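A.B. asks: Take a look at the following structure, please.
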Amino acid sequence: MNGSLFGYDPQDTWLHRLSGATKMLAFAGLSVIAMVSYDTRLTLGITLMALILFAQAKIHWRQVKFAIMLILIFSSLNLLAVYLFAPQYGVQLYGSRHVLLGSGYFALTQEQLFYEFNLGLKYVVTVPLALIFLITTNPSEFAASLNKLHISYRIGYAIALALRYIPDIQATYRQISYAQQARGHELSRKASLKTRLTGAAQILMPLIFSSLDRIDAISHAMELRRFGRYQQRSWYMDRPWRWPDYATLLAVALIIAAGIGLWQVNGGRFYNPFR
C-alpha cells in the first residue's frame, strides 16, 4: 500500500499479528475507560502507553498527518467553544476558584484550565489507539475475528468493506484533485487557504458519485454470489487466538479495573487536586 495513504499497512509487528477482535476489544475498552474517567493520572498513563504502541506499530507520519491535523483543528475549536460557553464550569466541578488571568465571568481559572486539559487528553489518548487499530488490522481478518465473537458475518463484512474503502476514497480524491489541477484549478499549497477549501468542496460531489458507483457495483456482485444465503460461512483469513491475544486482553482488563478502583478512591469520576 502507498505509505501516504491512510488505511491498513501490512507489516510484521506484534500488533499486526494480534487478532482483529483482540484489537477491537482493546480499543473499545481503553477508549471507554479513558473517556468516562476524569482521573488525570489514569488518562496520562493510557496516553503514554498508546504513544509507545503507536511507535511499535511502525506507523509513518505521512500516513496519518492529514487525519491528525484535522482532529487537532476540531479539538482546538471544541476546547475554545467549551471555554466561551462555560468558562466557569471547572470551578463548579472542583468546588474552588483560583484565578490566573482576567476578572469576572470570563476569568481564566486553574480549575477551568485543568478541566480543559483533561478534555484535551481524551482526544490525545483516543487518536493513537484508533490509528493503531485501523492501520494494523487487515479488514478481511477482522471480519473473520468478529464472527468468532458470534457477531453476524454480514455485519463483519460491512465493517470490513468500510475499512477497506478508506484508502480507495483517498486515492479517488487525489485523482479528482489532479484532474482539477490539470484543468487550471490551483489546489496546491501555492494557492490561498480559501481557494484550497473551495476546490476541496468542489471535489466532494464527483467523489460522492464515484463512491455510489462503487457501492452499487459491490452490492450487485454480492447479490449475484448469493451473499447472506447461509447462516454460517468459512473464512480464508481466519486467525486463531494465541497467548499474546489473551495477554493483551488481560492487560486491558487490569487497566479498566484500575480505572474503576480510582473512582472509589476519588469518590467519583473526577480527580480533584485542588482540595
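In the working numbering, the protein residues as written are 21 to 295.
Yeah, the Cβ is synthetic: ideal placement off N, Cα and C, and Gly gets one too.
Owing to the predicted nature of the structure, the values given are computational and were not obtained by experimental measurement.
To the nearest angstrom, how far is the alpha carbon of R295 from that of R117?
C.D. replies: Here residue 295 corresponds to residue number 275 of the sequence shown, with the count starting at 1. Here residue 117 corresponds to residue number 97 of the sequence shown, with the count starting at 1. About 11 angstroms.
A.B. asks: If I'm right that V145 touches I66 with Cβ under 8 angstroms, what's the distance once you round it to whole angstroms?
C.D. replies: Residue numbering aside, residue 145 sits at position 125 when the sequence shown is read from its first letter. Residue numbering aside, residue 66 sits at position 46 when the sequence shown is read from its first letter. Contact flag correct, Cβ pair sits at about 5 angstroms.
A.B. asks: Quick one, which of V147, Q108, F247 and L141 has its alpha-carbon nearest T129's?
C.D. replies: Taking the sequence shown and counting its residues from 1, one reaches residue 129 at position 109. For T129, the nearest C-alpha among the options comes from Q108.
A.B. asks: Does H170 pass the burial test, meaning 16 or more other C-beta atoms within 10 Å, or should it be called exposed?
C.D. replies: Your numbering for residue 170 matches position 150 in the sequence shown. H170 comes out exposed.
A.B. asks: Closest to L18 by CA distance: which of A77, F162, G140 and R82 is it?
C.D. replies: Outside the displayed span of the chain (21 to 295) sits residue 18, for which this structure offers no information.
A.B. asks: Beta-carbon separation of S165 and S39 under 8 angstroms?
C.D. replies: As a first step, residue 165 is located in the sequence shown; it is residue number 145 there, counting from the start. As a first step, residue 39 is located in the sequence shown; it is residue number 19 there, counting from the start. For S165 and S39, yes; Cβs fall inside 8 angstroms.
A.B. asks: Around the Cβ of G281, are there at least 16 other Cβ atoms within 10 angstroms (buried) or fewer (exposed)?
C.D. replies: To locate residue 281, count along the sequence shown from 1; it is residue 261. Exposed, since its Cβ has fewer than 16 Cβ neighbours within 10 Å.
A.B. asks: In the DSSP assignment, what residue or residues form a beta bridge with V119?
C.D. replies: The sequence position of residue 119 within the sequence shown is 99, counting from 1. In DSSP, V119 forms a bridge with T129.
A.B. asks: Using C-beta distances below 8 angstroms, list every residue in its chain close to Y125, excluding the 5 sequence neighbours before and after it, in chain order.
C.D. replies: If you number the sequence shown from 1, residue 125 lands on position 105. Here the set comprises P107 and Q108.
A.B. asks: Can you tell me whether R259 is buried or exposed, with buried defined as 16 or more other CB within 10 angstroms of its CB?
C.D. replies: Here the question's residue 259 lines up with position 239 in the sequence shown. That one is buried.
A.B. asks: Would you call the region 149-163 and the region 31-48 in contact, with 3 or more CB pairs under 8 angstroms?
C.D. replies: They touch, by the three-pair rule.
A.B. asks: In whole angstroms, what separates the C-alpha of R249 from that of A70?
C.D. replies: The residue given as residue 249 occupies position 229 in the sequence shown. The residue given as residue 70 occupies position 50 in the sequence shown. Spanning the two alpha carbons is a distance of roughly 41 angstroms.
A.B. asks: On the CB-based measure, 16 or more other CB atoms within 10 Å of its CB, does F153 come out buried or exposed?
C.D. replies: Taking the first residue of the sequence shown as 1, we reach residue 153 at position 133. Buried, since its Cβ has 16 or more Cβ neighbours within 10 Å.
A.B. asks: Which residues does DSSP pair with F290 in a beta bridge?
C.D. replies: The count along the sequence shown starts at 1 and reaches residue 290 at position 270. Beta-bridge pairing links F290 to Y58.
A.B. asks: Can you tell me whether G65 is helix, strand or coil according to DSSP?
C.D. replies: On the sequence shown, position 45 is the one that residue 65 refers to. G65: helix per DSSP, three-state reduction.
A.B. asks: State yes or no: is the C-beta of F74 within less than 8 angstroms of the C-beta of L151?
C.D. replies: Position 54 of the sequence shown, counting from 1, holds the residue named residue 74. Position 131 of the sequence shown, counting from 1, holds the residue named residue 151. Against a cut-off of 8 angstroms, the Cβ pair of L151 and F74 comes out as a contact.
A.B. asks: So what's S239 in DSSP terms, helix, strand or just coil?
C.D. replies: Mapped onto the sequence shown, residue 239 falls at position 219. Of the three classes helix, strand and coil, the one that applies to S239 here is helix, per DSSP.
A.B. asks: Relative to the C-alpha of I88, which residue among T33, E131, R61 and L149 is closest?
C.D. replies: On the sequence shown, residue 88 is found 68 positions in, with the first residue counted as 1. It is L149 whose Cα lies nearest to the Cα of I88.
A.B. asks: Mind the definition here: the region 183-197 touches the region 271-286 only if three or more C-beta pairs lie below 8 angstroms; say whether that holds.
C.D. replies: Judged by Cβ distances under 8 angstroms, the region 183-197 makes no contact with the region 271-286, as fewer than three pairs qualify.
A.B. asks: So, V102 versus E136, is the Cβ gap smaller than 8 angstroms?
C.D. replies: By one-based count along the sequence shown, residue 102 stands at place 82. By one-based count along the sequence shown, residue 136 stands at place 116. Against a cut-off of 8 angstroms, the Cβ pair of E136 and V102 comes out as a contact.
A.B. asks: If you drop the 5 nearest sequence neighbours on each side, which residues of the same chain put their C-beta closer than 6 angstroms to that of L133?
C.D. replies: Residue 133 sits at position 113 when you count from the first residue of the sequence shown. So no residue of the chain qualifies.
A.B. asks: What's the gap between the Cα of N167 and the Cα of A178?
C.D. replies: Position 147 of the sequence shown, counted from the start, is the residue given in the question as residue 167. Position 158 of the sequence shown, counted from the start, is the residue given in the question as residue 178. Between N167 and A178, the C-alpha separation is close to 12 angstroms.
A.B. asks: For T268 and T33, what's the separation of their Cα atoms in angstroms?
C.D. replies: One-based indexing of the sequence shown puts residue 268 at position 248. One-based indexing of the sequence shown puts residue 33 at position 13. C-alpha separation (whole angstroms): 14 angstroms.
A.B. asks: Tell me where the alpha helix (DSSP H) around R184 begins and ends.
C.D. replies: Residue mapping note: residue 184 aligns to position 164 of the sequence shown, counting from 1. Start and end: Y173 to A202.
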